[in-house]
Amino acid sequence: MRTLAISAKKQEAIGLLESQQSTAPWVGSKPFVKLGFVGVSACVALSYLSTHGASRHSSVGTLPLSRVDPSTAFEDDESVAMSLRVGKTRLENPEKAVPQMTFLALGDWGGTLGKDKGDPGSCCQKYNGGVDTRHTRYKVDYYAQVHVAALMAQSAAELHPSRILGHGDNFYWNGVGTDDVKYRLEETFEKVYNATSLQAIPWLNVAGNHDIGGATFICGESDGNFRECEDEDELLRYLDIRFEAQANYTSPHHNRWQLRGHYYVERVVKGDVSVEVYNIDTNHAENHGAKDVCCQCYGYAPKLGLDTWVCGDPQPGDVGCMGGNVSLFNACVAKIESWAEESLTRAMDDMKASTATFKIVNTHYSPHYHMDPAKMEKWYKLCREGGVAAWLNGHTHGFNHDIAKWGTHFIQNGGGGGIATSNIPAMDNGQVKTKWVVEGNPYGFMELSFSKDWLKVQFATFDNQWTFGGLDWNATRVGGVQRGHCWFIPRTFRESLGVECKSSVNGAIGAPIDDDDDDVNATNV
């Protein structure tokens with residue numbers, strides 16, 4: 001058993017895992033704007049801690065890569081110029097294309113219980129154990145999940161989506177067990193997304209790290225009662241039980257809740273457009289994935305009388321990681337790794353056999369933000385060889401749009417309201433490069449519209465008619481939908497990287513923008 005040698009952290013900061021690659025020739029010649037490291041709020045803190053007043057600290061190591069200014073990302077690169085002239089296939093004008101189907105996509109949406117009783121749970125920046133009212137963003141944060149649900153209801157009433165994609169972290173902090181799954185789904189899913197415009201839409205889910213334990217004990221039947229597993233057999237059995245608790249739920253509203261396995265494909269056809277959604281398990285990722293789930297540090301720390309700072313980045317052999325039991329830890333990680341390998345193998349086979357107009361990945365993690373280079377390359381290979389038009393994920397609680405040199409578009413979409421939003425800088429790893437990063441820290445989701453030649457992806461957030469009531473829900477005035485960054489992805493994405501929509505807005509919209517900027521955010525607090 002190794003001796004703990006982890007320094008305490010004063011604030012929560014999660015590093016991004018990024019590939020060690022130099023800038024490739026395909027990237028434009030304009031000099032990079034180098035940006036420093038920015039922490040990301042992908043919390044592993046648990047409800048136990050809020051009950052016991054412990055701080056939530058976490059960090060992972062980072063790998064260096066180039067940071068770029070997304071506004072100049074492709075300006076001088078003729079080989080990947082954002083123009084319809086790039087493609088060899090003649091396509092209809094995307095601005096005139098009539099969508100034949102639409103989806104909504106939402107990440108990291110599953111807020112904690114108790115806000116009506118004053119428990120902020122997963123929602124807010126904290127100070128001395130309570131909501132930090134020194135920062136005006138708490139007025140948006142406190143009921144963020146409910147606010148975003150109201151936005152989605154408006155969008156759905158207008159667009160009539162045929163599917164909703166959920167990117168995981170459905171239930172902060174620790175997921176659900178067999179005894180509380182029905183109650184949690186009723187309280188933080190059915191009652192929140194209860195608008196008529198949303199109730200009949202199939203909701204395609206995947207599991208995030210918080211859905212399979214987060215970083216506390218895995219065994220047990222309900223949140224607040226999870227416990228140390230007795231042995232390897234019980235541990236592996238409960239990994240399945242925790243997942244199946246969500247997978248086996250039947251919604252009373254048109255059976256809309258879908259989680260059919262660690263890997264499943266949903267095919268939607270309308271007219272001459274076919275879309276396949278590949279729902280895959282990527283919880284083997286480094287950024288608060290398999291390692292932190294299997295260490296269960298926020299369970300072991302209080303059990304063993306350890307300070308919770310040891311849970312910042314526990315390693316196999318640490319007493320805060322599976323109590324120092326490396327064999328048990330390895331068995332747990334291998335189980336989660338098998339889910340990813342199943343997804344990878346089956347998706348490659350299915351994608352190569354597919355005739356779909358558009359192939360979309362729905363998952364929790366990003367290859368380049370959350371995985372080590374070896375795992376990243378496996379998923380990149382799937383996207384290249386399988387013909388993935390767009391990869392949508394959550395985990396990081398912000399929004400950005402990255403484009404691969406082979407044509408896949410990576411959409412980070414993790415500001416669904418279950419946890420406080422945070423932004424990240426643009427990136428370039430030689431294979432994938434940022435086109436857009438959201439300004440500020442707004443909540444929102446993505447709208448996906450499919451025509452015979454184009455997939456239109458657009459960010460949706462709050463317009464300036466909203467007034468946010470903070471801890472007092474009745475003081476909130478609901479406004480409308482403001483649409484932001486927008487991109488047309490062609491079905492021939494290997495020939496052309498597409499074109500930005502005329503309606504695209506890349507500046508500051510939505511809320512919160514800045515914590516205390518009353519000029520920018522005056523109508524939104």
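Residue numbers (UniProt numbering): 1 to 525.
Glycine included, each C-beta is placed from N, C-alpha and C at the ideal position.
Please state the DSSP three-state secondary structure of residue i.
i, result
"residue 401", "strand"
"residue 411", "strand"
"residue 305", "coil"
"residue 205", "strand"
"residue 276", "strand"
"residue 513", "coil"
"residue 223", "coil"
"residue 487", "strand"
"residue 324", "helix"
"residue 130", "strand"
"residue 176", "coil"
"residue 199", "helix"
"residue 238", "helix"
"residue 341", "helix"
"residue 505", "coil"
"residue 379", "helix"
"residue 256", "coil"
"residue 333", "helix"
"residue 530", "For residue 530 there is no data in the structure shown, the boundaries of the chain being 1 and 525."
"residue 190", "helix"
"residue 169", "coil"
"residue 349", "helix"
"residue 229", "coil"
"residue 95", "helix"
"residue 311", "helix"
"residue 90", "coil"
"residue 244", "helix"
"residue 249", "coil"
"residue 300", "helix"
"residue 420", "coil"
"residue 543", "Residue 543 is absent from the model: the chain starts at 1 and stops at 525."
Since I believe residue j is in contact with residue i (beta carbons under 8 Å), could you give me their beta-carbon distance rounded to a whole number of angstroms?
i, j, result
"residue 369", "residue 289", "Contact flag wrong, Cβ pair sits at about 12 Å."
"residue 424", "residue 437", "7 Å"
"residue 390", "residue 344", "Actually they are not in contact, since the Cβ atoms of residue 390 and residue 344 sit about 18 Å apart, beyond 8 Å."
"residue 273", "residue 450", "5 Å"
"residue 156", "residue 204", "15 Å between Cβ atoms; not a contact."
"residue 144", "residue 417", "4 Å"
"residue 185", "residue 249", "6 Å"
"residue 108", "residue 176", "Residue 108 to residue 176, Cβ: 16 Å. No contact."
"residue 167", "residue 362", "6 Å"
"residue 489", "residue 122", "Actually they do not touch by this definition, with Cβ atoms about 32 Å apart."
"residue 153", "residue 197", "5 Å"
Identify the continuous beta strand (DSSP E) that holds residue i and give its terminal residues.
i, result
"residue 181", "From DSSP, residue 181 is part of no beta strand (DSSP E) but of the alpha helix (DSSP H) over 181 to 185."
"residue 390", "390 to 393"
"residue 166", "163 to 166"
"residue 146", "Unbroken run through residue 146 is the alpha helix (DSSP H), 144 to 159; no beta strand (DSSP E)."
"residue 526", "Since the first and last residues shown for the chain are 1 and 525, residue 526 lies out of range."
"residue 266", "264 to 270"
"residue 361", "358 to 362"
Can you tell me which residues form a DSSP beta bridge with residue i?
i, result
"residue 449", "102, 456"
"residue 482", "461"
"residue 477", "467"
"residue 500", "487"
"residue 116", "Answer by DSSP bridge pairing: none, since residue 116 is not bridged."
"residue 281", "None, per the DSSP bridge assignment."
Is the shortest distance between the beta-carbon of residue i and the beta-carbons of chain D less than 8 Å?
i, result
"residue 492", "Here chain D cannot be found, since the structure has a single protein chain."
Skipping 5 residues on each side, what residues in its chain have a beta carbon closer than 6 Å to that of residue i?
i, result
"residue 92", "453"
"residue 384", "406"
"residue 503", "486"
"residue 471", "142"
"residue 491", "357, 453"
"residue 200", "254"
"residue 323", "300"
Using a Cβ-Cβ cut-off of 8 Å (strictly less than) and excluding sequence neighbours within five positions of residue i, which residues of its own chain qualify?
i, result
"residue 398", "40, 412, 414, 415, 421, 422, 423, 424, 437, 438, 441"
"residue 293", "209, 212, 213, 214, 215, 218, 283, 332, 336"
"residue 266", "163, 202, 204, 258, 276, 277, 279"
Going by DSSP, what residue range makes up the alpha helix (DSSP H) through residue i?
i, result
"residue 291", "290 to 295"
"residue 140", "138 to 141"
"residue 369", "367 to 370"
Near residue i, which residues of its chain fall below 7 Å by C-beta distance, leaving aside the five closest residues on each side in sequence?
i, result
"residue 387", "351, 359"
"residue 478", "150, 466"
Is residue i near the ligand COA, going by C-beta to nearest heavy atom under 7 Å?
i, result
"residue 348", "With respect to the ligand COA, the structure shown offers nothing to examine, as it has no ligands at all."
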